[in-house]
Amino acid sequence: MSRPLMQAEGIDKLFGGVKALQGVNLEIRPGEVLGVIGPNGAGKTTLFNVLTGFSRPTRGRVLFDGHDVTGKPVYRVCQKGIGRTFQNIRLFGQMTVIDNVVVGMHNRVHTHLLGIALKLPSTVRKEREAYDKAGRILEYLGLDDVAWELAANLPYGRQRKVEIARALASEPKLILLDEPSAGMNPQEAAELMTLISGIRKMGPTVVVIEHNMQVVMGISDRVAVLDFGTKISEGSPDQVRSDNRVIEAYLGREEDAGAA
Amino acid sequence: MEKPRRFAVPLGPIVVAVACLIPLVVTNDYYLRVLVMALLYSIVALSINLIVGISGQLDFGRSAFIGLGAFWSAILMQRFGAPFWIAFLSAGLFCTVVGAGLGLLCRKSTFDYLTLITIGFNEICRLIFLNWQDVTGGAMGLRRVPAPSLFGYVFDTHVRYFYFALALLAICYVAIRRIVKSKLGRAFEALRDDPIAAAYAGIPVPTYKVVNFALASFFTGIAGSAMVHYTQYASPYNYTMDESIYILQMAILGGLGSLPGSILGTAILVIAPEISRTFYEYRLMFVGCMMVVMMIWAPNGILGKQGVGERVIGLGRFLPWAKPPALQGGESR
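Those protein sequence lines, which keep their order, are chains X and W.
So the number in our numbering is just where the residue sits in the first sequence, counting from 1, plus 2.
So the number in our numbering is just where the residue sits in the second sequence, counting from 1, plus 33.
Below, the structure is given as structure tokens:
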């Protein structure tokens, strides 16, 4: 077994008296697709926030690629090779679609102020390479026809794809998708599944928070289940599906159902 | 991937060439003076656009930086006999340093607090200009600031200064446009639209706010220096918050985020009050009404994205010879 890409050890996260996460251990193995599921308010997005340094865990530590990244600023953690999409879309609305993607490459475009002011050939070349690469990513995701549109003017489903394109642009080792299929119809969700397996073949490890069981069971190698801030189950989709605690968390206990 | 061009011909050189011919037509010193001020204020409006339009931070203290550049440059030339180009460039650098310092102080402040800090900074600078008698001349200001000269060529007539200001504006415009189109400009726009997503793209947001302030202050500073050597008088009463707001409105009227817009907005707000005395007296009322109307009807100004300009051009689609617009933005299924 190779070293895990990312490791969360004994994560507690308190918001005042609310225990959003309690003693969560999670291992993300290189090359896998890990699904994170759980009822609303189970702490899935909080877990993503803690993993990426957006919020500091009350207790516990986070390792990425062998480095301790607990509570480091988001841009530092992400520079090490993490890309993320958001549950409620966060695009740069007043920028064009292609500029959104090029922003994703921020740390891979090595230009400096002097080169920019004097328009040195090396700067021009690096800029063109960045836009060419962004163009290829957009083409792969079928967004090349709207490359020069303002991102805010795109319909919802395509905005989600722009977010994925932006996250891919940084060539991350790990990509975190927060409910990518939210608001998609069944056909779009099916397309998304193909897309995620495509991303995985390109290299990055994928962690996906998902409510659509068909999607999550279809693409994940392993699934982790959160409920009330604790991890109640982990394993292959089949194992998780037949785990009693998971069924309880989603459907309630049998005697509860009988009493009602 | 190449961006589709908006205009078939390069507009910039044409505009500059036409502007070069203006002194042949306009020979009245007073008119030329107004035009020179419009050119110099355009640089300030561009710098404020870099902060407010591109990076989305509201700055009510820009005129303090004009003042800092002006006094620095005037004092350096008058007291220490520095050559013009040293005074001029060092005014820019001095403002860069002050801008970076101010940026460092408020790099983590959110929008409203940053605005308050810039107001406070403007007030501090105004009081320093007014009360530091020995250095700034106090309420009297600095008189007889020497006219600039470069390579032995003295810019002492209005026509000569017109060309100097025009060249300066062209250089600043090109520099700012290159910044906006670069990695830096994209990071500024990203942190304007969504600072959280910007951080997730690996952009150190607070650092970029400081860089943004420092860069913009450089341009404000050299514009301040160019102004003081033109009017040859530095008055502490020029660099108030009222002035800052008036400059801010130049950028807003033209369209935040649009660089040609800043020049257009400045031209309107500098030239219009000079057309009639009545207008001059009522200018603040006029500007106030205009801002109310603009904010409701066209918050993006004249040349901003989806601003007045695009709406007027958009009316062209109703012309009988207009081509039907291509369908776009539909979901691909």
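Just so you know, even glycine gets a beta-carbon here, dropped at the ideal spot from N, CA and C.
Quick caveat, the model's predicted, so the values are computed rather than measured.
Residue i beta carbon near the ligand COA (any heavy atom closer than 6 angstroms)
i         : result
Glu-222/W : Among the ligands in the structure shown, none appear at all, so the ligand COA cannot be discussed.
Endpoints, alpha helix (DSSP H) assigned at residue i
i         : result
Ile-229/W : 228–233
Val-58/W  : 55–58
Gly-159/X : 158–171
Ile-84/W  : It is not in any alpha helix (DSSP H) - Ile-84/W carries neither H nor E in the DSSP assignment.
Arg-193/W : 191–213
Ala-256/W : 238–264
Ile-118/X : 115–120
Ile-285/W : 274–287
Ile-39/X  : Where Ile-39/X is concerned, there is no enclosing alpha helix (DSSP H), although the beta strand (DSSP E) it sits in stretches over 35–39.
Tyr-313/W : 310–314
Cys-128/W : 117–138
Glu-156/W : 144–164
Glu-250/X : 246–253
Residue i at chain X interface by Cβ criterion, 7 angstroms
i         : result
Arg-66/W  : no
Ser-215/W : yes
Glu-364/W : Unreliable positioning characterises Glu-364/W in this predicted model, as indicated by a pLDDT of 40, which lies under 50. A coordinate reading is not provided.
Pro-237/W : yes
Tyr-206/W : no
Tyr-233/W : yes
Ala-256/W : no
Ala-230/W : yes
Chain X contact residues for residue i, given Cβ-Cβ distances below 7 angstroms
i        : result
Met-34/W : Ile-100, Tyr-133, Asp-134, Ala-136, Gly-137 and Ala-149
Bridge partner(s) assigned by DSSP for residue i
i         : result
His-69/X  : Phe-66/X
Lys-233/X : Leu-228/X
Asp-180/X : Ile-211/X
Tyr-186/W : Leu-183/W
Glu-190/X : Beta-bridge pairing links Glu-190/X to no other residue.
Val-26/X  : Ile-13/X
Lys-21/X  : Leu-16/X
Arg-38/W  : Its beta-bridge partners do not exist; DSSP assigns none.
Ala-267/W : Leu-175/W
Leu-152/X : Thr-98/X
Distance, residue j Cα to residue i Cα
i         : j         : result
Val-178/W : Ile-152/W : 28 angstroms
Glu-193/X : Ala-167/X : 15 angstroms
Phe-127/W : Met-274/W : 21 angstroms
Leu-57/W  : Val-67/W  : 16 angstroms
Pro-32/X  : Lys-214/W : 37 angstroms
Ser-199/X : Gly-136/W : 44 angstroms
Tyr-270/W : Ser-291/W : 30 angstroms
Gly-342/W : Glu-173/X : 39 angstroms
Gly-95/X  : Ser-142/W : 23 angstroms
Thr-60/W  : Ala-284/W : 29 angstroms
Met-327/W : Phe-312/W : 19 angstroms
Ala-203/W : Tyr-279/W : 22 angstroms
Thr-232/X : Met-204/X : 32 angstroms
His-112/X : Arg-210/W : 19 angstroms
Val-49/W  : Ala-200/W : 9 angstroms
Tyr-263/W : Ile-55/W  : 19 angstroms
Leu-65/X  : Ser-4/X   : 15 angstroms
Arg-224/X : Tyr-233/W : 25 angstroms
Glu-222/W : Ser-244/X : 48 angstroms
Arg-247/X : Ser-235/X : 7 angstroms
Residue i at chain W interface by Cβ criterion, 7 angstroms
i         : result
His-108/X : yes
Met-204/X : no
Thr-113/X : yes
Tyr-142/X : no
Gln-89/X  : no
Val-76/X  : yes
Val-105/X : yes
Arg-127/X : no
Arg-247/X : no
Arg-92/X  : yes
Arg-162/X : no
Span of the beta strand (DSSP E), counted from its first residue to its last, around residue i
i         : result
Gln-216/X : Taken as a continuous stretch (DSSP letters only), Gln-216/X belongs to no beta strand (DSSP E), being part of the alpha helix (DSSP H) at 215–221.
Leu-143/X : From DSSP, Leu-143/X is part of no beta strand (DSSP E); its letter is neither H nor E.
Ala-10/X  : 8–17
Ile-84/X  : 84–86
Proximal residues of chain W, C-beta to C-beta of residue i below 8 angstroms
i         : result
Met-97/X  : Arg-219, Glu-222, Ala-223 and Asp-226
Ile-118/X : Arg-211, Ile-212, Ser-215, Lys-216 and Leu-217
Lys-121/X : Arg-211
Ser-172/X : Ala-234 and Gly-235
8 angstroms Cβ cut-off: residues of chain X touching residue i
i         : result
Lys-242/W : Under the 8 angstroms cutoff, chain X gives no residues; its nearest Cβ is about 13 angstroms from Lys-242/W.
Lys-338/W : Gln-96 and Leu-152
Pro-37/W  : Trp-150
Listed by chain order, chain X residues near residue i by CB distance under 9 angstroms
i         : result
Pro-332/W : Those within 9 angstroms of Pro-332/W in chain X number zero; the least Cβ separation is about 12 angstroms.
7 angstroms Cβ cut-off: residues of chain W touching residue i
i        : result
Arg-86/X : Tyr-233
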